[in-house]
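Student: My questions will all concern the structure given below.
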Amino acid sequence: KKSAEDCHLPVPEPSDVDRAGTVNFDDVKKELDKLYVQTAACERKVSKILSSSDEEHQQPLKERMQTFLEKAFAETRLQMENLERCKTKFQTTQKFFKFQPKSNNESEWPKEFFSLWQPFCTDFKDIWKKEQKFKMAEQKRLELMRKKINEFHEGKKNNFVLVKAKPTGLKAKLKRMSLPNTSKPVAT
Numbered sequence: 001k002k003s004a005e006d007c008h009l010p011v012p013e014p015s016d017v018d019r020a021g022t023v024n025f026d027d028v029k030k031e032l033d034k035l036y037v038q039t040a041a042c043e044r045k046v047s048k049i050l051s052s053s054d055e056e057h058q059q060p061l062k063e064r065m066q067t068f069l070e071k072a073f074a075e076t077r078l079q080m081e082n083l084e085r086c087k088t089k090f091q092t093t094q095k096f097f098k099f100q101p102k103s104n105n106e107s108e109w110p111k112e113f114f115s116l117w118q119p120f121c122t123d124f125k126d127i128w129k130k131e132q133k134f135k136m137a138e139q140k141r142l143e144l145m146r147k148k149i150n151e152f153h154e155g156k157k158n159n160f161v162l163v164k165a166k167p168t169g170l171k172a173k174l175k176r177m178s179l180p181n182t183s184k185p186v187a188t
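Just so you know, full-length UniProt numbering puts the end of the sequence shown at 188, numbered straight through with nothing missing.
Structure representation (structure tokens):
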């Protein structure tokens, strides 16, 4: 059973929704293209430098730059693929929620879409926090009650004292009353 402290907010943070609304897919695409062009220019400069230098002086630079450029191109391609997947998922999400953008400009669609979700996420987070505080207080109260009950039972066990039966006590009288009934002969 999960405690209230272990539960996480099931909706995005309101600040994340705000940031998601500011995403412009076209700007991100332009930046990635620019990065790819700059990496290609760097590759050309490195090859110029390597072609104009002696073979013995190339090795440390050639190896390091080759590794760097391979990683840079791979990372740029990966981010371009991620961007395309993100666009596709955003469109799928819009269709799922039957969102009809008011603007014809595609770059404004994320802002429109997430502006609807931001108040919901904010309200949900506030209510979620209150509910979690209530659950934690309830758990503490239940734990305290369990502890008190256990202490009470332990105290009862410790305070229980056996006393020898007295000949004039209630138990002795009841025993004497039941003995004559069992010793009577049964009529046949």
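Heads up, the beta-carbon is just placed ideally off N, CA and C, and yes, glycines get one too. As the structure is a prediction and not an experimental result, all values here were calculated from the model.
1) Within the chosen definition, does the segment 17-28 reach the segment 109-119 through at least 3 CB pairs nearer than 8 angstroms?
2) Does DSSP put residue 86 in a helix, in a strand, or in coil?
3) Please report how far the alpha carbon of residue 142 lies from the alpha carbon of residue 11, in whole angstroms.
4) Pick out the complete alpha helix (DSSP H) segments inside the UniProt domain "FH2" (1-150), 4 residues or longer, and give them in chain order.
5) Mapping DSSP to helix, strand and coil, what is residue 174?
6) Evaluate residue 60 with the Cβ neighbour count: other Cβ atoms within 10 Å of its Cβ, from every protein chain shown; 16 or more gives buried, anything less gives exposed.
7) Using DSSP with H/G/I as helix, E/B as strand and the rest coil, what is residue 169?
8) I need the DSSP call for residue 157, collapsed to helix, strand or coil.
9) Here's the rule I'm using: 16 or more other beta-carbon atoms within 10 Å means buried, otherwise exposed. How should residue 120 be labelled?
10) Whose C-beta lies closer than 7 angstroms to the C-beta of residue 188 among residues of the same chain, with five residues either side of it excluded?
11) Using only the alpha-carbon positions, how far apart do residue 131 and residue 15 sit?
12) Between the Cα of residue 87 and those of 56, 175, 24 and 157, spot the shortest distance and give me the residue it belongs to.
13) For my contact list, residue 39 and residue 69 are in at a C-beta cut-off of 8 angstroms; report their separation, rounded to the angstrom.
14) Per DSSP, what kind of secondary structure is residue 179 in: helix, strand or coil?
15) Between the segment 36-56 and the segment 144-163, are three or more C-beta pairs nearer than 8 angstroms?
16) Return the CA-CA distance between residue 148 and residue 140, expressed in angstroms with no decimal places.
Tutor: Reading off the structure:
1) When Cβ pairs closer than 8 angstroms are counted between the two stretches, the segment 17-28 is seen to touch the segment 109-119, the count reaching three or more.
2) In this structure, residue 86 counts as helix in the three-state DSSP scheme.
3) In this structure, the alpha-carbon of residue 142 lies about 29 angstroms from that of residue 11.
4) For the UniProt domain "FH2" (1-150), whole alpha helix (DSSP H) runs of length 4 or above, ordered along the chain, are 14-21, 25-52 and 55-96.
5) Looking at residue 174 - three-state DSSP - the assignment turns out to be helix.
6) By the neighbour-count criterion, in which a residue is buried when 16 or more other Cβ atoms sit within 10 angstroms of its Cβ, residue 60 is exposed.
7) The answer is coil: DSSP assigns residue 169 none of H, G, I, E or B.
8) Residue 157 sits in a helix when the DSSP states are folded into three classes.
9) Residue 120 is exposed by the Cβ-count criterion.
10) Model confidence at residue 188 stands at a pLDDT of 49, short of 50, so the residue's coordinates are unreliable and nothing is read from them.
11) Cα to Cα, residue 131 sits roughly 21 angstroms from residue 15.
12) Nearest option by C-alpha distance: 24.
13) Indeed, because the Cβ distance is near 7 angstroms, the residues count as touching under 8 angstroms.
14) Of the three classes helix, strand and coil, the one that applies to residue 179 here is helix, per DSSP.
15) Touching, no, given that fewer than three Cβ pairs across the two stretches are closer than 8 angstroms.
16) Here the C-alpha atom of residue 148 lies approximately 12 angstroms from the C-alpha atom of residue 140.
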